[in-house]
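Chains as they are written, first to last, in this note's numbering: chain A, 1 to 326; chain B, 1 to 814; chain C, 1 to 164.
Where is the CB? At the ideal position from N, CA and C, for every residue including glycine.
Structure first, then comments.
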Amino acid sequence: MLRLPRLRYLRPATAGEAAASLSKLGSRAMFVAGGTDLFPNLKRRQFEPDTLVQVPPLKGVRRVDGHFEIGATVTLAEAAADPGLRAALPGFAEAAGLVSSPPLRNAGTVGGNLCVDTRCNYYNMTYEWRKSIGFCLKKDGDICLVAPSSPRCWAVSSSDTAPAAMVLGASVVLVGPDGERELPVAELYRDDGIEYLAKQPHEVVTAIRLPAPEGLLTAYVKLRRRGSIDFPLAGAAVALTLDGPIVTGCRIALAAVASHPLEVPEAGAFLAGKRLTDETISAAAELAAKPARPLDNADLTHFWRKKMVRVIVERAIRQAATPSTT
Amino acid sequence: MVGKPVPKVDGAGKVTGQAVYADDIDLPRMLHCKILRAQLPHARILSVDTSAARRIPGVKAVITGQDLPIRFGILPVTQDEAALEGEKVRYVGDPLAAVAAIDEETAAAACDAIKVEYQELKPVMSIEAALKEAADEPIQSYPKRSDNIHRMVSYEFGDVAAGFARADHVREDVFFFQGSTHLPMEQHSAVATYAGGRVTLWSSTQVVHYVHRALSKVLELPMSRIRVIGAAHGGGFGGKTDPFAHEIVVAKLAMLTGRPVKCTLTREEVFYAHRGRHPVLMWVKTGVTRDGRVTAMHFRSALDGGAYGSYGAASIFYTGTLQTVTYDIPAYKFEGARVFTNKAPCGPKRGHGTPQPRFAVEMHLEKIAREIGLEPVELKRRNFVKPFSRAVNWLRITSCGLEECTEKVLTASGYANRKRQPGRGMGFAISTYMSGAGTAIYWNDMPHSEVQLKVDRTGVTLFCGAMDIGQGSDSVLAQIAAEELGLEARDIHLVTADTDTTPIDLGSYSSRVTFMAGNAAVEAARKMRALLVAAVAERMGVTDLEEIDVADGRVGEFSFEDASVLAEEKFGALASAGSYKPPRIGGPFKGSGVGPSPAYSYSACVVQVAADARTGIVTVERVWIAHDIGRAINPLLVEGQVEGSVYMALGEALMEEQVYRQGLHKWPSMLEYKSPTFLETPEMHTFLVETDDPEGPYGAKEAGQGPLLPVIPAVNLALQDALGVWIDEIPVTPEKVLRALEAKAKGEPPRFGPRGFPSVPYPEPILVEPPDPADLRVGDELELAFPMKGGGPPSAGAGRSPSPPGPPRAPRVR
Amino acid sequence: MRSELDRPVQRELTRLRVNGEDLELYLPVHKTLLEVLREDLKLTGTKHGCELGECGTCTVLVDGEPQLSCLLLPLQAEGRELTTVEGLAEGAAPHPLQVAFAELGAAQCGYCTPGILLAAKALLVRDPRPSRDGIKEALAGNLCRCTGYVKIIEAVELAAERMS
Ligand SMILES: Cc1cc2nc3c(=O)[nH]c(=O)nc-3n(C[C@H](O)[C@H](O)[C@H](O)COP(=O)(O)OP(=O)(O)OC[C@H]3O[C@@H](n4cnc5c(N)ncnc54)[C@H](O)[C@@H]3O)c2cc1C
Ligand code: SF4
Ligand code: FES
Ligand code: FES
C-alpha cells in the first residue's frame, strides 16, 4: 500500500489564518484542498512538506452583477452540476465535469484545479521509479529527462478549468497574510514547469470570478484516451460573441500543450469580424495550434498531440457557436 | 441443475465485503514485508550492505540473495529465478533484498537504507538487440550462447515446399503484437506463518500446487511441512500462475522471525511481477489455390520473453501450434524463438501465446482474399477445420462449432449487407482455444485434477484443489455434484485450494478447471450416488437400481439426508473420489505436448467500429460474438467469461501496452497503463453455441480465454473496412492510423506495421509425417500405434530431457 | 521514505460516523481513510488497487456521494456520514443492488465490487431509473478487469427496476 509520509495537519478557521500559517512555515508547508492532486504526489514523494494546511471551506456558486463567483473549495462535481453555470457558461461547467472521474470530482475542488501541479511522465512516478531512471530537475535532480539540453522544466499544465476560465477573462481572489487581492487567471501562471504559479506560495485562492456577459458562447473540448479518469492530452476552450453570423469577439486557450494554460490571442483576433465558415474556423484553428509545443512526456506521441490541437480547436469553436453555424 | 444460470456460490461473500482476500488477512503479531528491487536493468551485484537497515528500530529481519540461494521457476527446464537475486539483476524490479518490520512504513524505510553496489552491464531492450552478440554478457547464462536467444524450435509437418509449389498464389506478411499485462484489480499478496515446524501460506495465487512445490524446493522443506491456501482471489488472467518471489520471501521471513509476515505488492510491483503477454514479431507466408484453399503455411515467431523463463518455453509453441486446429492447413512449417531482454518476464496471459498468431493469421488471410478477389469470410470458411479430424501436426479436433458460430455472428450483425460508409466498418475473425493443456507442466503420470466428496448429515462437502479466480469454478463444481446427487448447487459445501485438505488440482490456468476438475467431480459424485442408491434400494427392497430416482433432494422414497444415514449405516463413513488425467493426444515427436487438448472451443466474432480519419481514434460500437462452449454448464458464468474476454481484447487491441523507455517500464501505473472504463464498453451480443463435446463433462468445453482471440483482429479488420488502412501492429493507436492514412494519401501502401522480420538462426526443422486426418485415436491406442519416442515427456518445458527426435522421416505428400 | 521516520507522528482524536455508528479514534493524521477503515476498523470490505486515485476500487460514500478513500484524510471526513460496503445491507437483508450483483454474476473476482456497489447506490438515490449511459457515466471512475462491465450494468438496471 502506498502511504502518505508523516505530516502535521492544520485546520485554520479562515483563509487569512491559513495564509498566515503558511507564510510562517514557508516551504515546509503546503495547502491542501481536496487532496486529489496533492495526495498522490505526496505518496510518490514529489513534494516533501512536513505540514499540510487545510484550505477552509469556501463554498457557494453565486451570481453577482454579471459574473459568477465560485468559492475555491466548491467541488468540481458541484461546479459541473450548477444549473446557473451550465446555462450561462457551459464551457467552464463542462471543463469541470470532464476532470478525471466521478468520485474524484466529488473531492477535487475548483481552487485546487487551478493550482494543480504540472505533469510529466518522468515525474509523476514513485520515488523508487524516479530513483531508477535518475531524478530530474523538477524534483531531486539536475537535468530534464525530456529535453536534456534544456535548462528548464517542461512539465505540462494539465488543468481543464484553467483555460476555460482564461477565455472568460476570469480572475482569482487571493488572500495573503496582509489581505486580499484579485489577479486575472491569465496572470496566475508562469511559463515554467516547476514554478508554475505566479502567486505567492502563501496566498490562498479563495474564489474565482467568471464574467458571464449576456450572449457569450463558450465551449471546452477535451482530448484523452478514455472517457474518464484521464488527464487532458490537449484541451481547447473557446469563448465567442456573435452579431448575427459575424464574430464580434473570440478568445481561445489551450490545455496541456505547454507549462501553462496557453491563450492564443492571434487565433481569436483572426476570427473577429469574420463569418464562421469551414475556412475561417480551420484557419483560426491552424493559428491556435501554432504555438502549442507538446513534448514527449505525456501519453501518446507529441507529434500526434500537436496535430490534434487543430482538430479540437475547430470542434470547440463549432460547439460554442452551435446552433449559429448550422 | 446443469445448464441453468445459477448464481455463483460465492456471490454473497463478494457483494457484502465478507470474502477474505490475502491482503485482508491480519494475524496477531503480524509483520510487514517490503522487497527491495533492482534499480538497474542489467547489472552484476557487487555488494549488498544491509547494516543501516538492520539498525532501524522496528526492523525484525533483513534477508538477501544469500538467504535464498536455490533457484526455482515454473517449468523444470527453466529454474532460473531466485526469490532474491544475489549475483546479478536482470530488469528494473528484480527482487534482491527483503525486510520484515513492524509496519510497512518501517519496512519501506529499511529497504531504502540498503546499499547496493552494482557493476552495470549493457541492457538489451528489443528482440533485434537480443538476437545480436551480447555486448558484455548474456542476460542468462544457461542457454550457453553468446547472444540472448533463450530457445528455438522448428517443425515441418507435411511437405511444405510441395504445398507452396501447388499454390496459385503465395503471400508473405509481417506483424507485431506489443506486450500487455493482466492488470488484476487485486495487487498480489501473501501471508505466511511458521509454527510447529510448518509453514502456512495464504496467497492470491491461481495455482496453490505450484506455489507449494516452489516453496518446498527453495525453503528445503518437504511438501508435508508446507500448507498453501488460496485466499479469495482478486483477479489473475494468468498473472498469478507462476510462483512468485514475495510468496517465498514471506515464508522465509516467517521462519526466521517466528511471526506471521505479510507482503502485498504495490501496483508498480505488480507491473514488475508481470508474466504478461509476450511482445511477438511474426512472419507468415501462405499459399492458396485459386479458389482460396490453403495449400501450405510457413509461420515464424520471435518472442520477447523478458528476463526469465517463466512459461516461455511453452509460449513459443503456443505461437505456432494452434494454427492448424483453426484452419485446415495441409502442410505447415513453424519456426519459433524466444529471446531474453532486460524487462519484466513475460508468461501466460489469457490466451497464452495464441492471440498474437491469431491476429497475424486473420489479417494475413484477409489480405490474401482481397488479393485473389474472394470475399474474406468466404475464404476463411473454405478453410475451417472439420469436426472430428486430426490436424497436420497431430492435434485432434473433436466437436467444432465454427460454422455455427460464424453463421450466428454474420446473421446477427448483418455483416454481408453492411452499409459501406467511410468512417464506419465491420470486421470478422475466428479462433480456437484449448480446454486445458493435455500435459502437465512437470512430467508425471498423476491425475491433473482430483475431487473428493464427503457425505453425512451435514450434507455434501466437495474437496478440490482448484482455485476459483472469479471465473466461477467453485460454482461449476457445486453444480456438477448437485446434478449427480439430485440437489441444488447451494447444498454443496465447498473446500477448495488448500493443500492440506484438498486433493490436487493443477489450478486455474489454460482454461482447464471446468473440463478437468469437472470431469473428476462427475466421477466422484457418481460413485457417491451409487452408494446412496445401493443403500436405499436395499431398504426399499428394489433390485433394479435404475428404479431409484435421484432428484429434487430425494433418493428413491427417502430424503437425501435419510438416504445418507442409510448409506452410512451400510458402508460406514461415506467418501468418494474422482480424478481426471487427459489421455495422450500429441503426435510421436518431441515437443508434441504443447497444444494438445482433450477438446477445443471455437469462437467467431464481428466487430463494428467508428473510426475518425482526422484523429485516428477508433471507437468500438458493437461486438457480436458466438462461442462454441460445447455445453454451458452455467450459461450465466459462460457469458461472463465471454464478455470479460471481449473486454480484455478490446483493451489490448486499442490501448494496453507494456512498454519500456530508457531501460525501465515506461508507466507502471493504472493511470498511464490504459485499461478500458465503463465508457469504452460497446454493445455486446453474446451467443452460446452448444456442440456437446464427447470428452467434456456434460459436453462442456472452455470459455475463459478463447473468446478473447478473434476480437483483436476483428477490430483491426473493422478499421480496415472503415478507413481502408492496415494496422499490422497491436495496439492500434490513433497515431498509427494517421500514419497509415498519410501513407495512403501519398500513394504508398496504406499500412502501418513492422518493416521486416529479422534473421533468426532457427535450427533445422524436425520433420513430422502428418497423421491420417481420420485417425482419432488417443491414449493407449495412440501410444501402441505411434509410441512416443523415448517415452519421455512430450511437453516443452517438462522435466527429463527427451531423446533426440531420431532420423527425419521422409515427409508424406498429400 | 528516507528521513520521515524521524518525524513525529501527530495523532488526533477523530470522530467518525461509519455505517451509522459513531466512533472516536485516536489516529495519526496522515493515515488515509482507506488505511483507517481497513487497518484500524477492520472493515476490509473496502479494497484498494492503486492508492493514487486511478482505479476507483477504494470508493466509499461520504454523505452519500462516492469518494476515493485512498485520497481522503479521516479528519477531512469528520462530521460526515461514511458508508462502506459493510453498511449497505439493512441488518441481515442485503441491499437490492447486492442481490442483483450476486444473481447476475456481476461480481466475478469481486474485488472491484464493493466500490462499484457504493457508486451505484449513490446513482440510484440521485436517479432511481438511470439510463444505460447514465450508469456508465456514474460508474466510469471504477475499473473492473473481469466482467467487461456488461453484467454490472445489467445488475444495476435490475436493482433499479426492483426498487421502484
Ligand atoms: C487519477 C487522476 C486523474 C486526474 N485527472 C485530472 C484531469 O483530467 N484534469 C485535471 O484538471 N485534473 C486532474 N486531476 C488532478 C486533480 O484531481 C484535480 O486537478 C483537482 O481539481 C485538484 O483539486 P484538489 O482540491 O483535490 O487539489 P489539491 O490536491 O488539494 O491541491 C492541488 C494543489 O493546489 C494547491 N491548492 C489547492 N487549493 C488551493 C487554494 N485554495 N489556494 C491555494 N492553493 C491551493 C495545493 O497546495 C496543491 O499544490 C487528476 C488527478 C488524479 C489523481
Ligand atoms: S519536463 Fe524535464 S524536468 Fe520537468 S518533470 Fe519532466 S523530466 Fe523533469
Ligand atoms: S485505490 Fe485506486 S483509487 Fe483508491
Ligand atoms: S469482478 Fe474482478 S475486477 Fe471486477
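{"Item": "Same chain only: Cβ atoms within 6 Å of glutamate 690/B, ignoring 5 sequence neighbours per side", "Value": "Arg631"}
{"Item": "Any chain C beta carbon closer than 7 Å to glycine 791/B", "Value": "Annotation note: pLDDT 46 at glycine 791/B (below 50); position unreliable, no value reported."}
{"Item": "Under 6 Å, CB to nearest heavy atom of ligand 3: contacting residues", "Value": "His48/C, Gly49/C, Cys50/C, Glu51/C, Gly53/C, Glu54/C, Cys55/C, Gly56/C, Thr57/C, Cys58/C, Leu68/C and Cys70/C"}
{"Item": "Members of the segment 664–678 of chain B near chain A, C-beta cut-off 9 Å", "Value": "Leu664, His665, Lys666, Trp667, Pro668, Ser669, Met670, Leu671, Glu672, Lys674, Ser675, Pro676, Thr677 and Phe678"}
{"Item": "Isoleucine 492/B versus glycine 115/C - alpha carbon distance", "Value": "30 Å"}
{"Item": "Within 7 Å, strictly: CB atoms of leucine 254/A and leucine 262/A", "Value": "yes"}
{"Item": "For review: beta carbons within less than 6 Å of any heavy atom in ligand 2", "Value": "Cys120/A, Tyr122/A, Tyr123/A, Cys136/A, Leu137/A, Lys138/A, Cys144/A, Leu145/A, Val146/A, Cys153/A, Trp154/A, Ala155/A, Gly193/A and Asn297/A"}
{"Item": "Touching by the beta-carbon criterion (3+ pairs, under 8 Å), the segment 600–615 of chain B and the segment 414–428 of chain B", "Value": "yes"}
{"Item": "Alpha-carbon spacing of valine 156/C relative to alanine 563/B, whole angstroms", "Value": "42 Å"}
{"Item": "Where valine 191/B falls: helix, strand or coil (DSSP)", "Value": "strand"}
{"Item": "Classification of methionine 670/B by the beta-carbon crowding that lies within 10 angstroms, buried from 16 upward", "Value": "buried"}
{"Item": "Burial state of phenylalanine 388/B (16 or more Cβ within 10 Å)", "Value": "exposed"}
{"Item": "Every unbroken beta strand (DSSP E) inside the segment 329–378 of chain B [3 residues or more]", "Value": "332–339"}
{"Item": "Contact set for glutamine 46/A: own chain, Cβ-Cβ below 6 Å, skip 5 residues either direction", "Value": "Lys139"}
{"Item": "Residue-level contact to chain B via CB, isoleucine 133/A, 7 Å cutoff", "Value": "yes"}
{"Item": "Identity of the residue in Pro422/B, Ala700/B and Phe359/B nearest phenylalanine 175/B by Cα", "Value": "Phe359/B"}
{"Item": "Residues bridged to histidine 169/B [DSSP beta-bridge criterion]", "Value": "Val288/B"}
{"Item": "Residue-level contact to chain B via CB, cysteine 70/C, 7 Å cutoff", "Value": "no"}
{"Item": "Alpha-carbon spacing of valine 304/A relative to aspartate 728/B, whole angstroms", "Value": "For the record, residue 304/A in the displayed sequence is tryptophan; it is not valine. Roughly 19 Å between the two C-alpha positions."}
{"Item": "Chain-order list of residues whose beta-carbon lies under 8 Å from that of glycine 134/C (same chain, five-residue window excluded)", "Value": "Leu123 and Asp127"}
{"Item": "Element boundaries [alpha helix (DSSP H), containing threonine 458/B]", "Value": "Run containing threonine 458/B: none; DSSP gives neither H nor E here."}
{"Item": "Three-state secondary structure assigned by DSSP to glycine 578/B", "Value": "strand"}
{"Item": "Distance cut-off 6 Å: glycine 105/C Cβ against heavy atoms of ligand 4", "Value": "no"}
{"Item": "C-beta contact flag for glycine 112/A and alanine 155/A at 7 Å", "Value": "no"}
{"Item": "Chain-ordered residues of the segment 631–645 of chain B with a beta carbon less than 9 Å from chain C", "Value": "Asn634, Leu636, Leu637, Glu639, Gly640, Gln641, Val642, Glu643, Gly644 and Ser645"}
{"Item": "Cα-Cα separation between glycine 791/B and leucine 708/B, rounded to whole angstroms", "Value": "Because the pLDDT at glycine 791/B is just 46, under 50, the model does not fix this residue reliably, and the point stays unresolved."}
{"Item": "Beta-carbon spacing of glutamate 643/B, serine 180/B below 7 Å", "Value": "no"}
{"Item": "Three-state secondary structure (DSSP) of phenylalanine 384/B", "Value": "strand"}
{"Item": "Residue span of the alpha helix (DSSP H) that contains isoleucine 133/A, given as start and end", "Value": "127–133"}
{"Item": "Beta carbon proximity, glutamine 10/C to chain A, threshold 7 Å", "Value": "yes"}
{"Item": "Residues bridged to serine 449/B (per DSSP)", "Value": "Asp505/B and Tyr580/B"}
{"Item": "Neighbour flag for proline 66/C against chain B, beta carbons, 7 Å", "Value": "no"}
{"Item": "Residues surrounding ligand 5 [beta-carbon distance to nearest heavy atom under 7 Å]", "Value": "The model depicted lacks ligand 5 and carries ligand 1, ligand 2, ligand 3 and ligand 4 instead."}
{"Item": "Proximity winner among Met308/A, Asp299/A and Pro102/A, relative to lysine 666/B (alpha-carbon distances)", "Value": "Asp299/A"}
{"Item": "Coarse secondary structure for lysine 570/B, derived from DSSP in three states", "Value": "helix"}
{"Item": "Nonlocal neighbours in the same chain, by C-beta distance under 8 Å from proline 163/A, ignoring five residues either side", "Value": "Ala95, Tyr220, Gly235, Ala236, Ala237, Ala253, Leu254, Ala255, Pro261, Leu262 and Glu263"}
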